[in-house]
Structure formats: structure tokens, C-alpha cells
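A.B. asks: Chains as they are written, first to last, in my numbering: chain A, 1 to 337; chain B, 1 to 156. Have a look at the structure that comes next, please.
Following this line, the structure appears as C-alpha cells:
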């Protein structure tokens, strides 16, 4: 059964259902505008562990368990987990889900990982390779700062374009039946490089990728912005959002009405001093599981395009003078009646 | 030809991003740096004057002053306060000796989990390393020039 459509997209003919979404976040995220929607807010940034990395692993494990419980199934019924995070060699995922004893595919798509996990999970379910699969990602402010920037205690001034890595994890159980929301289409993202080298302006690095994926989605499915109730990017932040609007306008589309960015929604910059907005795998993932999915389930949004965005860099690539390319994965989600 | 067009597109995008990206106000940042840097220097001067009033000579009092400032900075780093001072004061808090102490203490705390040798031992100077390496090299080179000039009789 051929389910491809257009140049880069997949139209899922057999229904892929989103059975449940779960999210756990840190204290700062809990104090943000989306605070009331998360399943759990951890007061302790260490989550009872010894290091940032272990804390992030714990975050993932507990989020996975909540998602499985909310789906009303048993752990052993999950056929495969698609998981990833920001740390080198994806150690937060590996050590987090090791104890679950479920087969795993580890992913890396920087902050777009939730889009990647949902895409691959949906394809696995649609292809008949599992009745239930789990899509899971996380990020942690402490471990991300250590991985990509400076030790936490080191004093420095963040530019206004910088984003704040979300401490949080999001998980969704996908399956062949059940739930009131589903994944109906996928637009896979290309790596797009406009040559920008500023890793502290990730919104500007990722906006061209978001533009490319959203535009391609419109082309492949022959849709317009009005066909979506919301077009939701992952963590472009204020600067990236502006660029996305401008780039899409050049291509003849205006998405101001529909657009929402998880990074802008998750923090209140005026009160929380986060500058451009939130970022990290956990940003899009926790916002999707806690805020976007329930809106779809209750039917107040009928169809949304979820486009988590990632900036592809490492400390080494940055130090060696490479640019920061972006990637964006598009997932089409709909309310199911 | 295609490369030139691509390069031009990159430059245009960079220019456009620069235009729309909000920036910190430079005069305001300079004022804050002046205030914070000034306060740190006043604290240093107080320590120096106090030490001298207790009968220490200039050199010993100066050493005590540096030691106490470093100790204060390390303590404030441990309590996660120094990073907040730098966020406000910028270079005013980074350039004095307290900023240097912060850049050594912060990695020591962060990498403690990775062990005494490969954690703290290897990574304590990840930020301060360049300052130490090039600082020492430069002073060595300057010393050599000074020595040669002295031998040639250019300076006394």
C-alpha cells in the first residue's frame, strides 16, 4: 500500500491513533503559562539524582511510564520506543529507558526529535509493525548548558536572541485504535543551511528549515494555511517566528493567523527572563503532550500541523567554524470522531 | 557562479537576521559594568586599606586583598550568586580577579561528578585555560624582549 504523497510527505491511510500524552517538567516550566497543563512538575532540578544527565534519564523514564498508564495498556504491549535527546550519544534516552525493557530505536534530531519520533512511530503503526509504540524525548537545562555551552555556575551574559532550554520530557503512545486524536500525515524535513553561525540565535538558524517543511507540506497535500486550525513550531522563539513569517511571505503564504510556537508559549519572558523563548527537545514534546493534544482530543482544534524544529550543531562543529543548519519535521494531527 | 550566488544569499540572510534580532543596549551595559566593576574595586581597596592599617606592608596587603577577593568569588560561585552578578554587570564582574576565580570554580563544581582526575583535573581550566596559557606566554615573551633591550643598553 503506497502511502506517499507529493515530494516529501506521507498520507497515512490506515488510522494512527494518539492514545495518550504525558509530560513532566521542571519548576521554572511549571511556573510558566502552560504550568497547569503538565502531568507533573518536579520541584527538584536533580529529580532525586546525582547528576544532570541522570536527572534527565529519570525524567524520561517517569514520563514514559505515565504515558503508558494513561493509554490504559501494559508496558509489555509497547512494541517499540522511538526516543532521543540532546546529549552526546543520546545518553539520557539510553539510560532512561533501559529499565523499561522495551525494544528501542534511538534518534537524534536536536530539538525536532519529537517530530521525528512521532513520524517514525506513526509509520511503524501504519505499516503494521506494532499495535502500540511510544514516542519519547527530553531535555534538561543543566545537562544542555553543560553539553553545549558553559558550566552552570559560570557567569556570562546571554544575548536577547538566546533561548532557554526547557527542563522537561514528553511522551505519546501511538496505536491502531483508541484515543480521540490521530496522526494523518507526515512531511519529513530536509537539512537547511542558510550559513548562519550564531549558536545563540537558534531561532534564526532553524526558521528557514521550518519554512521549507511547512511550504512543502502545503505543496504535497495541496493545502493552504486556512486548512489548519494551528501551525505549531517547536522552539523558534520570537526572532525565529518573525523570520518564519517573512520567509513564508516571500513564498506567498501568510500564517500569522494560525501560527503558534511552543518556545514562546512555554515561558513568560517578561516575568521569567528567558529572552527569545524556550528550546530543547522537551519544549515541543511537553507542550504537545500537555497542551496541544488535549485541544485536539476535545475537538477545539480539528487539524494542526506540528513542526518541531532542530538546530544541528555540536560543540566541536561550532568550534571548528561550521554553520548551524536547521531541520524541521512536520506531523499532521487531527481530531478523530 | 553558483557558489557566488550562494555566498551572497548567505550574507544577505545574515544581514537581515542582524537587523531583526534585538540587542542589549551598549551604553546601559557599559554603565552597569562600570558600577559593578567599581564596587568590586572599592571592596578590594577597603581590604587593602584595612590590611595596611593593621601594619602589613604594601606587598603583603596586596596579596591578602587578592586572596580574599578570590575566596569571596569562589563562595559566591558555589552559592550560584556570582553568575547573577555577571548577568547584571557583564565585563565589570568578569574582568576583575573575581571573574577569573569564577571561571575556575564553576567548571570544578560542574565536573566534580566526572571524578577527581578526568573531571576536575582535566576540565577545571576549560574556560580559564586560554588566559593562563597566553597570559604566561605573553609575559615570558615580554620578559625576553625586556632582557634583550637591557643587554643592548637601550633601557636601564
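Note that beta-carbon positions come from the ideal geometry of N, C-alpha and C, so glycine has one too.
1. In terms of alpha-carbon separation, which member of B/114, B/65 and B/123 lies closest to residue 96 of chain B?
2. Apart from the five residues just before and just after residue 295 of chain A, which ones in its own chain have a Cβ nearer than 7 Å to its Cβ?
3. Tell whether a beta-carbon distance below 8 Å holds between residue 32 of chain B and residue 88 of chain B.
4. Strictly below 9 Å CB to CB, what residues from chain A border residue 82 of chain B?
5. Whose C-beta lies closer than 7 Å to the C-beta of residue 126 of chain A among residues of the same chain, with five residues either side of it excluded?
6. Rounding to the nearest angstrom, what Cα-Cα distance links residue 5 of chain A and residue 250 of chain A in this structure?
7. Spatial neighbours of residue 164 of chain A within its chain, please: C-beta separation below 6 Å, excluding the five flanking residues on both sides.
8. Taking the beta carbon of residue 50 of chain A as the centre, do at least 16 other beta carbons fall within 10 Å, making it buried, or is it exposed?
9. In the DSSP assignment, find the beta strand (DSSP E) that holds residue 47 of chain A and state where it starts and stops.
10. Quick check on the DSSP output: the beta strand (DSSP E) that includes residue 13 of chain A runs from which residue to which?
11. Strictly below 7 Å CB to CB, what residues from chain A border residue 103 of chain B?
12. Please name the residue, chosen from B/114, B/151, B/150 and B/94, that lies closest to residue 131 of chain B on a Cα-to-Cα basis.
13. Name the two residues that bound the continuous alpha helix (DSSP H) containing residue 337 of chain A.
14. Is it right to say residue 60 of chain B is buried, meaning 16 or more other beta carbons lie within 10 angstroms of its own, or is it exposed?
15. What residues of chain A sit near residue 106 of chain B, judged by a beta carbon separation below 9 Å?
16. Select from the segment 239 to 254 of chain A all residues with a C-beta closer than 9 Å to any C-beta belonging to chain B, and list them in chain order.
17. CB-CB under 7 Å to residue 149 of chain B, same chain, minus the five flanking residues each way: which ones, in chain order?
18. Could you name the residues of chain A that residue 94 of chain B contacts, counting a contact when the two beta carbons are closer than 7 Å?
19. Assuming residue 282 of chain A is part of the alpha helix (DSSP H), what are its boundary residues?
20. Within this structure, are the beta carbons of residue 207 of chain A and residue 297 of chain A separated by less than 8 Å?
C.D. replies: So, from the listed chains and residues:
1. Sequence index remark: in the second chain, residue 96 of chain B carries index 96 (1-based). The candidate whose alpha carbon is nearest that of residue 96 of chain B is B/65.
2. For this step, residue 295 of chain A is matched to residue 295 along the first chain. Closer than 7 Å at Cβ, skipping near neighbours: 301.
3. As a position in the second chain, residue 32 of chain B is number 32, starting the count at 1. As a position in the second chain, residue 88 of chain B is number 88, starting the count at 1. Between residue 32 of chain B and residue 88 of chain B, the C-beta gap is smaller than 8 Å, which places the two residues in contact.
4. Start at 1 with the first residue of the second chain, and residue 82 of chain B comes out as number 82. Within 9 Å Cβ-Cβ: 153, 154 and 155.
5. In the first chain, residue 126 of chain A corresponds to position 126, counting from 1. Excluding positions up to five away in sequence, the list reads 3, 12, 14 and 16.
6. Translated into positions along the first chain, residue 5 of chain A becomes position 5. Translated into positions along the first chain, residue 250 of chain A becomes position 250. Their backbone Cα atoms lie some 24 Å apart in a straight line.
7. Translated into the one-based positions of the first chain, residue 164 of chain A becomes position 164. Here the set comprises 274 and 278.
8. Locating residue 50 of chain A in the first chain gives position 50, counting from the first residue. Here residue 50 of chain A is exposed. Its C-beta has fewer than 16 other C-beta atoms within 10 Å.
9. If you number the first chain from 1, residue 47 of chain A lands on position 47. Element bounds for residue 47 of chain A: n/a, residue is neither H nor E.
10. Within the first chain, numbered from 1, the residue matching residue 13 of chain A stands at position 13. Residue 13 of chain A: member of the beta strand (DSSP E) spanning 9 to 25, first to last residue.
11. Within the second chain, numbered from 1, the residue matching residue 103 of chain B stands at position 103. Simply 154.
12. Along the second chain, one-based indexing puts residue 131 of chain B at 131. Of the candidates B/114, B/151, B/150 and B/94, the one whose C-alpha sits nearest the C-alpha of residue 131 of chain B is B/94.
13. Position 337 of the first chain, counting from 1, holds the residue named residue 337 of chain A. Careful: residue 337 of chain A lies outside any alpha helix (DSSP H) and carries neither H nor E.
14. Translated into positions along the second chain, residue 60 of chain B becomes position 60. Label assigned to residue 60 of chain B: exposed.
15. Translated into positions along the second chain, residue 106 of chain B becomes position 106. The contact set of residue 106 of chain B on chain A, defined by CB atoms closer than 9 Å, consists of 150, 151, 152, 153, 154 and 155 in chain order.
16. Of all residues in the segment 239 to 254 of chain A, only 239, 242, 243 and 246 place a beta-carbon less than 9 Å from a beta-carbon of chain B.
17. As a first step, residue 149 of chain B is located in the second chain; it is residue number 149 there, counting from the start. Exclusion of the five residues before and after residue 149 of chain B leaves 155 as the residues of its chain whose Cβ lies within less than 7 Å of its Cβ.
18. Here residue 94 of chain B refers to the residue found at position 94 when the second chain is read from its first residue. Near residue 94 of chain B (Cβ distances below 7 Å), the residues of chain A are 155.
19. By one-based count along the first chain, residue 282 of chain A stands at place 282. Element bounds for residue 282 of chain A: 281 to 287.
20. Residue mapping note: residue 207 of chain A aligns to position 207 of the first chain, counting from 1. Residue mapping note: residue 297 of chain A aligns to position 297 of the first chain, counting from 1. At a Cβ-Cβ threshold of 8 Å, residue 207 of chain A and residue 297 of chain A do not count as neighbours.
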